[in-house]
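Q: Counting with this note's numbering, you get residues 1050 to 1258 for the letters of the sequence shown.
By construction, the Cβ of each residue, glycine as well, lies at the ideal position given by its N, Cα and C atoms.
Remember, predicted model here, so these are calculated numbers, not experimental data.
This is the structure, below, for whatever I ask next.
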Amino acid sequence: MSEAPRVPIAILISGRGTNMISLVRASQDGRLHAHIRVVISNKADAPGLAAALELGIPTMVLNHKDFETREAFDTALADAIDGYGARFVALAGFMRVLTPAFLNRFPRRVLNIHPALLPSFPGVHAQRQALEYGAKLAGCTVHFVDEGTDTGPVVAQQAVEILDDDTEDSLSARILEVENRLYPQALDDVLCGRLRFSGRRVLREATEC
Ligand code: GAR
């Protein structure tokens, strides 16, 4: 592990949290220059919450149904993240669209992973969309989050071949393995400042962390 400072981050989940676990493990073994301050779920029964606690990470539940508007939830979420001192946010299977009430608090500091080669197949059930379309390649994308649904600038992508006998489950499992490897690398590139913007293109700089 280099001695470069670690960025305090929050991870948001809604479910089982394999991507969250891979980020936590990468931070614990020195591949990711992050200090993971908290894992927040919008669902109290998300299995990833117990996994985070086992890994020694504080957790919090903020149920979107307790708020009257999307903006009220997003403001409370941003306040909670601030309260934990996090300066960057990684979405890891967080199934809520975020509004400017949240995004304006963390400009260019929110990253997401999506199980498709964007701009193909945004939104939910991306793997099913790829199969039903008849695509031969699927994959995953790490991207900055903007106000659209899976429309922000792309940081990293990796392709996964679609096999003739694939089901939604088998394809999702192969993509997930790739996601779990790609996300820590891409997040570390962002946190270490190895990337720069050229318009909406995200390009690699030769800097080391
Ligand atoms: C992952 O496949 C992730 O890419 C996807 O949800 C799954 C979460 O798995 N996210 C989206 O579809 C966001 N649009 P995990 O809880 O095991 O990390």
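Quick check for students: name the residue ranges of the beta strand (DSSP E) that lie wholly in the segment 1187-1214, counting only runs of 3 or more.
A: The segment 1187-1214 contains these whole beta strand (DSSP E) runs: 1203-1210.
Q: Go ahead and pull the three-state DSSP assignment for S1247.
A: Looking up residue 1247 in the sequence shown gives position 198. Residue state, collapsed to three classes: strand.
Q: Can you give me the C-alpha to C-alpha distance between D1238 and L1180, rounded to a whole angstrom?
A: Position 189 of the sequence shown, counted from the first residue, corresponds to residue 1238. Position 131 of the sequence shown, counted from the first residue, corresponds to residue 1180. Whole-angstrom Cα-Cα distance: 31 angstroms.
Q: Given a cut-off of 8 angstroms on the beta-carbon distance, is the pair I1060 and I1085 in contact?
A: As a working note, residue 1060 is residue 11 in the sequence shown. As a working note, residue 1085 is residue 36 in the sequence shown. In this structure, I1085 lies closer than 8 angstroms to I1060 by Cβ.
Q: What is the DSSP secondary structure of M1109, counted as helix, strand or coil?
A: As a position in the sequence shown, residue 1109 is number 60, starting the count at 1. Strand, per DSSP.
Q: Could you give the residue range of the beta strand (DSSP E) that holds A1275?
A: Not covered by the structure: residue 1275. The range shown for the chain is 1050 to 1258.
Q: Compute the minimum distance between the beta carbon of I1162 and the heavy atoms of the ligand GAR, and state whether it is under 7 angstroms.
A: Counted from its first residue, the sequence shown places residue 1162 at position 113. I1162 Cβ: within cutoff of the ligand GAR.
Q: Between V1159 and chain B, is the shortest Cβ-Cβ distance under 8 angstroms, so that the two count as touching?
A: Included in the structure is just one protein chain, with no chain B present.
Q: Using CA coordinates, which residue listed in V1173, P1168, L1186 and A1135 is at the minimum distance from R1223?
A: On the sequence shown, residue 1223 is found 174 positions in, with the first residue counted as 1. That would be L1186, whose Cα lies nearest to the Cα of R1223.
Q: Relative to the C-alpha of Q1178, which candidate in D1218, Q1206, S1076 and E1196 has its C-alpha closest?
A: By one-based count along the sequence shown, residue 1178 stands at place 129. Selected option, being the one with the closest Cα: D1218.
Q: Drop a sphere of 10 angstroms on the beta-carbon of D1199, count the other beta-carbons inside from all chains shown, and report buried for 16 or more, exposed for fewer.
A: What you label residue 1199 is simply residue 150 of the sequence shown in a count that begins at 1. It counts as buried.
Q: Are the segment 1160-1167 and the segment 1087-1095 touching by the rule of at least three beta carbon pairs closer than 8 angstroms?
A: Judged by Cβ distances under 8 angstroms, the segment 1160-1167 makes no contact with the segment 1087-1095, as fewer than three pairs qualify.
Q: Say yes only if the C-beta of R1250 is nearer than 7 angstroms to one or more non-hydrogen atoms of the ligand GAR, and no if none qualify.
A: Mapped onto the sequence shown, residue 1250 falls at position 201. No - the ligand GAR has no heavy atom lying nearer than 7 angstroms to the Cβ of R1250.
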